[in-house]
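In the order they appear, the protein sequences are chains X and R.
Okay, so the first sequence: first residue is 603 according to our numbering, each after it adds one.
Okay, so the second sequence: first residue is 603 according to our numbering, each after it adds one.
What follows is a short report on a single structure.
2 protein chains.
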Amino acid sequence: MLGDRWSLLIIRDLMVRGYRTFKEFQQSGEGIATNILADRLQKLINVDIISTEQVPDDRRSIHYRLTEKGIDLAPVLLDLLIWGARHEETSAPCAVINQLEANRESVLAETRRRWKDRDLTPLIPKFQKENKL
Amino acid sequence: MLGDRWSLLIIRDLMVRGYRTFKEFQQSGEGIATNILADRLQKLINVDIISTEQVPDDRRSIHYRLTEKGIDLAPVLLDLLIWGARHEETSAPCAVINQLEANRESVLAETRRRWKDRDLTPLIPKFQKENKL
DNA sequence: ATATTCACTTGCGATTCGCAAGTGAATCAA
DNA sequence: TTGATTCACTTGCGAATCGCAAGTGAATAT
Chain X
603 MLGDRWSLLI IRDLMVRGYR TFKEFQQSGE GIATNILADR LQKLINVDII STEQVPDDRR
663 SIHYRLTEKG IDLAPVLLDL LIWGARHEET SAPCAVINQL EANRESVLAE TRRRWKDRDL
723 TPLIPKFQKE NKL
Chain R
603 MLGDRWSLLI IRDLMVRGYR TFKEFQQSGE GIATNILADR LQKLINVDII STEQVPDDRR
663 SIHYRLTEKG IDLAPVLLDL LIWGARHEET SAPCAVINQL EANRESVLAE TRRRWKDRDL
723 TPLIPKFQKE NKL
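The following block contains the structure:
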C-alpha cells in the first residue's frame, strides 16, 4: 500500500507540514495529478491510515487527518527524512536534521502531541522539499 | 526512488533475509517479474543503494549487496516492520516484534554487524512474509 | 556432448499514469 | 440575486509502466 510514488509523500505532508485540504496537496509543488491524488487519498482511507472530517466554516472543504495507525508511521518518516538528509537527497538544512537525529524520541513525542492537539504549526519550520523518496 | 512497489522489498530481503542472488529474489514468493527485478536492481545500483560483486565459485552468479547508503536504511526498514506488525499486516510473530521494538538500538547494531561481516544468517529466524508494505 | 542453470532481455496485452478539461455543489462579490 | 469563483473531485485520452511468457547467451553439471 505504501509502495507507490505518492502515498508516503501525502502522509509526510500531513505529518510534518500540516497539510489538510485537497488543494494544499495539489499545490504542494511536487505536481501530483488530481485524479491520482483523489485515488491515493481514498486508498489511504480504505486502509485506515487517514480519515476525513467536515469543517464547520466551509461545507465544500474536507480536512484529511492521520488516524492512530497513520501517526504511528512517524518513526518511519522521521528515519526516512534523516536518511535522505544524510545522503543529500533533501533540501532540509543539515543542522536541523542533526538536531532531529539527536533528539529522535522527543521529536516523535512532539509529532504525536501536535497530532493529538491538532496543532498545525509545521514540525520543521520552513521545511521545503524532499522529492526523492 | 524508493517510491515503488518493489524497491523496499528488495532492500528488506537483502537486509533481513540475507538474499544475494537474482534467483533468490525471483523465487521469494512475492512474485516479482524478472524484467522488473532486473530494472529495480539496476536502478538501485544507479542510486548507489546496492552494488554487485562476482563470486569465485560460479562465474555466472552475481551477488547483490547493500552499500553503506543502503545499510543506512536499516532504521527505516525496522520501523516499517514494527509498524506493519503492530497493525497486523505481517506474519512475523508478535513476540519477536516486541523484542525488536524494545531493543531497537541493539537490533540496528546487529544488522550493521551482519552486513559488515557478511553474515548471512537471517536477522529474524524463520521470518516469512510481509507483503503489504 | 548435451542438458541445465544463471542472469537477464524481448514481445505483448493490460493496467496505471500524467495532463487537460469538465462537473456539481458551496461560497463570494456585485 | 445573480454571476463568477472556489472546492473536491471525475472523465477522457495518449503515453508510460506493468506482469506474464518465452527466449538468449554464457557458464556449469552430467
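Backbone N, C-alpha and C fix where the C-beta goes; we use that ideal spot for every residue, glycine too.
Please read these numbers as outputs of a predicted model, since none were measured by experiment.
Cβ shell of residue i (< 6 Å), same chain only, five flanking positions each side left out
i: arginine 614 of chain R; result: Leu679
i: arginine 619 of chain R; result: Pro724
i: lysine 734 of chain X; result: Confidence is the limiting factor: at lysine 734 of chain X the pLDDT is only 42, short of 50, which leaves the residue's position unreliable and the question unanswerable from this model.
i: glutamate 749 of chain R; result: Residue 749 of chain R cannot be examined here, being either before or after the span of chain R that is shown, 603 to 735.
i: glutamine 603 of chain R; result: Reading off the sequence, residue 603 of chain R comes out as methionine, not glutamine. Same-chain partners within the cutoff: Val649.
Member of the options whose CA lies at the smallest distance from the CA of residue i
i: arginine 714 of chain X; options: X/Ala676, X/Val698, X/Gln701; result: X/Ala676
i: alanine 654 of chain X; options: X/Arg622, X/Thr636, X/Glu690, X/Asn637; result: As written in the sequence, residue 654 of chain X is threonine, which differs from the alanine given in the question. With distances taken between Cα atoms, threonine 654 of chain X lies closest to X/Arg622.
i: arginine 667 of chain R; options: R/Arg688, R/Leu722, R/His689, R/Leu604; result: R/Leu722
i: arginine 794 of chain X; options: X/Ser663, X/Asp719, X/Phe624; result: With chain X covering only 603 through 735, there is no way to say anything about residue 794 of chain X.
i: arginine 716 of chain X; options: X/Ser609, X/Met617, X/Trp608, X/Leu610; result: X/Met617
i: glutamine 644 of chain R; options: R/Asp659, R/Arg720, R/Pro658, R/Ile664; result: R/Ile664
i: isoleucine 726 of chain X; options: X/Asp719, X/Lys718, X/Cys696; result: X/Cys696
Short CB-CB distance (under 8 Å) between residue i and chain X
i: arginine 714 of chain R; result: no
i: valine 657 of chain R; result: no
i: proline 677 of chain R; result: yes
i: aspartate 681 of chain R; result: yes
i: lysine 645 of chain R; result: no
i: leucine 725 of chain R; result: no
i: phenylalanine 729 of chain R; result: Because the pLDDT of phenylalanine 729 of chain R is 40, which lies under 50, any placement of that residue in the model is unreliable, and the number read from its coordinates should be weighed accordingly. Answer no: the Cβ-Cβ gap between phenylalanine 729 of chain R and chain X never drops below 8 Å.
i: leucine 710 of chain R; result: no
i: tryptophan 685 of chain R; result: yes
i: tryptophan 717 of chain R; result: no
Cutoff 8 Å; reference residue i; Cβ partners in own chain excluding five residues on either side
i: glutamine 628 of chain R; result: Ile634, Thr636, Leu639
Contact belief for residue i with residue j at Cβ below 8 Å, rounded distance in angstroms
i: isoleucine 612 of chain X; j: leucine 646 of chain X; result: 7 Å
i: glycine 686 of chain X; j: aspartate 606 of chain R; result: Their Cβ separation, rounded to whole angstroms, is 16 Å, which puts glycine 686 of chain X and aspartate 606 of chain R out of contact at 8 Å.
Cβ shell of residue i (< 7 Å), same chain only, five flanking positions each side left out
i: isoleucine 684 of chain X; result: Ile699, Leu702, Glu703
i: leucine 736 of chain R; result: Because chain R here runs from 603 to 735, residue 736 of chain R falls outside it and cannot be looked at.
i: valine 657 of chain R; result: Ser663, His665
Chain R contact for residue i (CB, 8 Å cutoff)
i: leucine 616 of chain X; result: no
i: aspartate 641 of chain X; result: no
i: histidine 665 of chain X; result: no
i: arginine 619 of chain X; result: no
i: leucine 610 of chain X; result: yes
i: glycine 631 of chain X; result: no
i: aspartate 660 of chain X; result: no
Does the structure place the stretch 663 to 673 of chain X close enough to the stretch 642 to 655 of chain X that three or more beta carbon pairs sit under 8 Å?
yes
Contact between the stretch 679 to 688 of chain X and the stretch 703 to 710 of chain X is defined here as three or more beta-carbon pairs at a separation below 8 Å; is this criterion met?
yes
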